[in-house]
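Reviewing the structure listed below.
There are 2 protein chains.
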Amino acid sequence: MQHVSQQAYMPQLSIDCVIFGYQAKQLKVLIPKLDLAGEFWTLPSGFVYQYEDIDEAAIRILGDRTGINDIYLEQFRVFGKASRDNGRFIDRLIELNQDKLEKKRQNPTDYEWITKRFISIGFYALVDINKVIPQKTSLDATIDWYDIHELPTMILDHNDIVQEALSTLRRDLDQKLIAYNLLPETFTMKELQQLYEAIYDQPFAANNFPRKILEQNVLERLEKKFTGAANKAPYLYRLRQPSVPDSLVTQ
Amino acid sequence: MQHVSQQAYMPQLSIDCVIFGYQAKQLKVLIPKLDLAGEFWTLPSGFVYQYEDIDEAAIRILGDRTGINDIYLEQFRVFGKASRDNGRFIDRLIELNQDKLEKKRQNPTDYEWITKRFISIGFYALVDINKVIPQKTSLDATIDWYDIHELPTMILDHNDIVQEALSTLRRDLDQKLIAYNLLPETFTMKELQQLYEAIYDQPFAANNFPRKILEQNVLERLEKKFTGAANKAPYLYRLRQPSVPDSLVTQ
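Chains as they are written, first to last, in our numbering: chain D, -13 to 237; chain S, -13 to 237.
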């Protein structure tokens, strides 16, 4: 399915990207559907060139499949079960798309390369849906945002990969808010609470949420401007610039 | 350096294990030194068989190199820079140990296999030093606990891997306490604070630490038994059994 020789890539290694989008209080995932018979949905995925850092590969794969080039991506887990092999999936694809893919099976080098066991490095990102225009590639019939509660059934363990990415996103949300660039420069406590509620998929008590979030020390409260009018507008907040994270120092 | 054919392993993939030990308020790392001329320290490392889950491989590698078989291990990051190749390291090893290793270079298949670019999956664990007896293998001249402040210079990016593992350990400490199995069934707030101080390498204010840790909802305070004596003993705590973590559901 690639136009370059498979030999140019690291063998038995793939990258899968989980792109979460936030818009109008809803959390969604960007998922292409292959331009082949059989209704196959997959995460935006690809391989790593021999000369390429894995982080570079993830950015390239995301760019190629979505047209998005400047997203903050983070690796979160390797999916490495021995049972993760592409063989059955590829055979089914070829069976359903003999006109397009039969030459694949006739080329033993490419066929063996792609049907082996793969380990996959999962990357995730969180973007403002309003700021991106997903673009399908020659591989895709469609590429769409799917509500987190209504994901299609994807190939291999791709649905599990989304769940694992979601767990990581929830765990790291407090510290990663600034990297995600999801909020305007200033925002109200209510807007922030709505973002948390979409990602955690649960309501937070309005009398408790501000205290909890302020304790994390990630927010800065701005002084209200004196306007002369009755001062009933809610306080505005902005994100504190973080100190240099450990990962920049050591990686 | 392996007795089995390299072909049995996943190509260009390794696993590196960071084993933190805690004892007497100190944090240490378990590091073998190779039984070869040239003073080479490395993290306990190895490869993944084609038929083997990566988690199984990590447990096997740790067991082979340390004699420890029942440790809670967790993967934390893939080290995947294109510049991570073994070539220079292996050539230097062969140069310094011609008597033992020259046949390695004369076998092109094995030599090419081991000198390629490798990505490495980092796993870390935290153990009670009193509970383990490290054992060296035929590869090791020594295997010892090194204070976190006095680590030897290791090969490749292994020192960076330790720093990255330490960042992850600090981030996850609250939620992973029970898995690490480092504390007796019941313990005082002071003992817990000493553990945190060793891992974060900084003091915590004694009047603030209990409140912070109790807010995490990981501890259960036990009732004092009525002994008739003046009741000056400190409260004892134990760890709450966690609910089923997400990773068990999705992985």
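Even glycine gets a Cβ: it sits at the ideal position worked out from N, Cα and C.
If you're wondering where the values come from, they're calculated on a predicted model, not measured in any experiment.
- Straight-line spacing of the CA atoms in Pro189 (chain S) and Gln179 (chain S) works out to 9 Å.
- Taking 8 Å as the cut-off, the beta carbon of Asn145 (chain D) is found no closer than this to the beta carbon of Lys102 (chain D).
- Look at Leu(-1) (chain S): its C-beta is under 8 Å from a C-beta on chain D.
- Apart from sequence neighbours up to five positions away, the residues of its chain that approach Ile100 (chain S) with a beta-carbon distance below 8 Å are Met(-13), Gln(-8), Asn72, Ile76 and Lys90, ordered along the chain.
- A check of alpha carbon separations from Phe62 (chain D) across D:Ala44, D:Arg74 and D:Ile54 identifies D:Ala44 as the nearest.
- In the DSSP assignment, Phe195 (chain S) falls within the alpha helix (DSSP H) that extends over Phe195 to Glu201.
- Nearest CB-CB separation between Val64 (chain D) and chain S: below the 8 Å threshold.
- With a cutoff of 8 Å on beta-carbon distance, Leu16 (chain S) and Trp131 (chain S) are scored as near each other.
- What Tyr166 (chain S) touches in chain D, judged by beta-carbon distance under 8 Å, is nothing: the nearest beta carbon there is about 17 Å away.
- Under a criterion of Cβ atoms nearer than 7 Å, no residue of chain D is adjacent to Lys162 (chain S); the nearest Cβ is some 12 Å distant.
- Residue-level contact check: Gln36 (chain S) touches chain D, since one or more beta carbons of chain D fall below 8 Å from its beta carbon.
- Proximity of Ile76 (chain D) to chain S, defined by a Cβ-Cβ separation below 8 Å, is not satisfied.
- Closer than 8 Å to the CB of Asp187 (chain D) there is not a single CB belonging to chain S.
- Looking at the DSSP output, Asp126 (chain S) bridges to S:Leu20.
- For Phe109 (chain S), the CB contacts under 6 Å within the same chain, skipping 5 residues up- and downstream, are Cys3, Ala44, Leu59 and Gln61 in chain order.
- Counting only runs of 4+ residues, the alpha helix (DSSP H) found wholly inside the stretch 0 to 58 of chain D occupies 40 to 52, in chain order.
- Within the DSSP bridge table, the entry for Leu112 (chain D) names D:Phe6 as partners.
- The beta-carbon of Met140 (chain D) is placed no less than 8 Å from the nearest beta-carbon of chain S.
- With its beta carbon less than 8 Å from one in chain D, Ala68 (chain S) belongs to the interface.
- Residue environment for Thr28 (chain D): buried (at least 16 other C-beta atoms within 10 angstroms of its C-beta).
- By the Cβ test, the stretch 34 to 43 of chain D is not in contact with the stretch 132 to 152 of chain D, since fewer than three Cβ pairs between them sit closer than 8 Å.
- DSSP places Val64 (chain D) in the strand class (E or B) of the three-state scheme.
- Inter-residue distance for Thr174 (chain D) and Ser153 (chain D) is about 26 Å (C-alpha atoms, whole angstroms).
- Comparing C-alpha distances from Asp126 (chain D) to each of D:Ile1, D:Gly24 and D:Gln(-2) shows the shortest one belongs to D:Gly24.
- In terms of beta-carbon proximity, Gln61 (chain D) lines the interface with chain S, with at least one pair separated by less than 8 Å.
- The three-state secondary structure of Arg70 (chain S), taken from DSSP, is coil.
- Taking C-beta atoms as the reference points, Ile129 (chain D) and Pro138 (chain D) fail to come closer than 8 Å.
- Against chain S, a Cβ distance below 7 Å from Asp39 (chain D) picks out Gly66, Lys67 and Ala68.
- Judged by DSSP secondary structure, Leu205 (chain D) falls outside any alpha helix (DSSP H) and instead within the beta strand (DSSP E) spanning Leu205 to Arg207.
- For chain D, the residues of the stretch 78 to 104 of chain S that bring a beta carbon within less than 9 Å of one of its beta carbons are Lys102 and Arg103, in chain order.
- Within the stretch 107 to 118 of chain D, the residues whose Cβ lies closer than 7 Å to any Cβ of chain S are, in chain order, Ile107.
- About 14 Å separates the beta carbon of Tyr166 (chain S) from that of Leu205 (chain S), a gap too long to meet the 8 Å contact definition.
- Counted as a single uninterrupted DSSP element, the stretch harbouring Leu222 (chain S) is not any alpha helix (DSSP H) but the beta strand (DSSP E) occupying residues Leu222 to Leu225.
- Distance from Leu168 (chain S) to Leu181 (chain S) at the Cβ level is roughly 6 Å; contact confirmed, criterion being Cβ atoms closer than 8 Å.
- At the C-beta level, Tyr8 (chain S) and Ala184 (chain S) come within 8 Å of one another.
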